[in-house]
Structure formats: structure tokens, C-alpha cells
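Input: a single structure, listed below in C-alpha cells.
Numbering (our numbering), first residue to last: 8 to 168.
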């Protein structure tokens with residue numbers, strides 16, 4: 008078992024960018040949490056993807072804190088909030104891309120990495136700097152299914168593959 012750090016936990020009740028191609032983004036806020044429940048096969052209660060579709064591949068999403076730090080430097084905005092990336096969990100200590108197709112435990116939840124999160128063209132606007140989407144190529148995070156529910160919280164967490 009390895010230890011990782013969970014730096015942020017976020018949900019949003021609605022989609023700001025998803026499904027808004029050719030339209031202005033919505034303005035659904037982000038809710039920060041100290042702890043969230045991951046519900047088997049469903050997602051995080053209160054999040055826009057909770058019960059989105061049967062067997063949905065993005066029931067919970069993760070992003071590496073180092074990517075956020077790189078984008079803050081790129082955008083010359085050290086205060087850029089992690090919520091701008093609209094991922095549920097901000098972590099460090101895990102190579103997320105290596106988890107595609109693998110089952111792993113984070114805290115007391117069992118997850119399956121289903122695919123990389125491709126950054127969308129909205130990232131340049133969301134982060135206030137052209138080139139952000141390109142910089143995030145292959146670093147947009149990880150979509151996961153929740154195989155066994157549980158709780159995760161800010162701070163150190165157990166991690167095992």
C-alpha cells in the first residue's frame with residue numbers, strides 16, 4: 008500500500024462546458040468538500056455526473072496537482088483555482104495515465120481507471136491563457152468507474168493497485 012495526498016475534492020450540480028459546443032458555457036458553481044462519498048456504479052452525490060448513464064466511465068475524475076501547478080505558471084496566475092479544471096479529485100503521488108485499464112484502491116473505495124480525460128478547447132478560456140489545452144495534452148486527468156463505494160477525504164490516503 009502506498010500513500011498519496013488528496014489536495015482537493017469538488018462537485019458541481021451542472022455542466023458548464025460538457026454538451027455546450029457552439030454555445031456559451033453555463034455558470035454552475037463548484038462545491039469544495041473535505042470528504043465525499045463515492046457510490047458504487049453511480050458517482051458522487053450532488054455531482055453533475057451522478058447517475059448520468061448506466062455503467063458511465065466517468066463516475067469520478069482525478070487530476071494530478073502538478074498539472075494544475077504547471078498551468079498556473081503557464082497562465083501567470085498563481086491563484087487559478089483547481090476547480091477551473093472541473094475534476095472531482097486533485098491528487099499527488101500517483102501516475103494517473105498508468106491507471107487506464109487498471110483497478111486500484113483510493114482510500115476505502117475501489118476504482119477502475121477507464122480512460123484519460125482529454126482536455127477540451129474550453130481550457131484556454133477557463134484558465135485565461137491560449138495554449139492551455141495544448142499544454143494539458145495527455146495530462147488532463149483520469150476517468151474512473153466506482154467498483155466499490157467508500158469515502159475519501161482531504162489529506163493522505165491509502166493507494167494500492
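From the three backbone atoms N, C-alpha and C, an ideal C-beta is built for every residue, glycine too.
C-beta atoms of residue i and residue j nearer than 8 Å
i: residue 69; j: residue 107; result: no
i: residue 158; j: residue 42; result: yes
i: residue 174; j: residue 73; result: Past the boundaries of the shown model lies residue 174; the chain is included only from 8 to 168, so the question cannot be answered.
i: residue 139; j: residue 81; result: yes
i: residue 61; j: residue 50; result: no
i: residue 44; j: residue 156; result: yes
8 Å contact criterion, which residue i and residue j should meet: CB distance rounded
i: residue 153; j: residue 47; result: 5 Å
i: residue 151; j: residue 66; result: 6 Å
i: residue 117; j: residue 148; result: Actually they are not in contact, since the Cβ atoms of residue 117 and residue 148 sit about 19 Å apart, beyond 8 Å.
i: residue 77; j: residue 142; result: 7 Å
i: residue 85; j: residue 94; result: No, residue 85 and residue 94 are not in contact; Cβ-Cβ is about 19 Å, not under 8 Å.
Residue i, DSSP secondary structure in three states
i: residue 23; result: Note on residue 23: pLDDT 46, under 50, position unreliable in the model; the coordinate value appears next. Here residue 23 sits in coil by DSSP.
i: residue 164; result: strand
i: residue 77; result: helix
i: residue 33; result: Because residue 33 sits at a pLDDT of 47, beneath the cut-off of 50, its placement in the model cannot be relied upon, and the point is left open.
i: residue 104; result: helix
i: residue 125; result: coil
i: residue 83; result: coil
i: residue 93; result: coil
i: residue 141; result: helix
i: residue 1; result: Residue 1 lies beyond the residue range present for the chain, which begins at 8 and ends at 168; the question has no answer from this structure.
One or two residues paired with residue i in a DSSP bridge
i: residue 158; result: 44
i: residue 112; result: 117, 167
i: residue 72; result: According to DSSP, residue 72 bridges with nothing at all.
Cβ-heavy atom distance, residue i to the ligand ATP, below 7 Å
i: residue 18; result: The model on display carries no ligand, and the ligand ATP is accordingly not part of it.
Exercise. How do the region 158-165 and the region 102-115 stand: do at least 3 beta-carbon pairs fall below 8 Å, yes or no?
Worked result: yes
Exercise. On the three-pair Cβ rule with 8 Å, is the region 37-44 touching the region 84-95?
Worked result: yes
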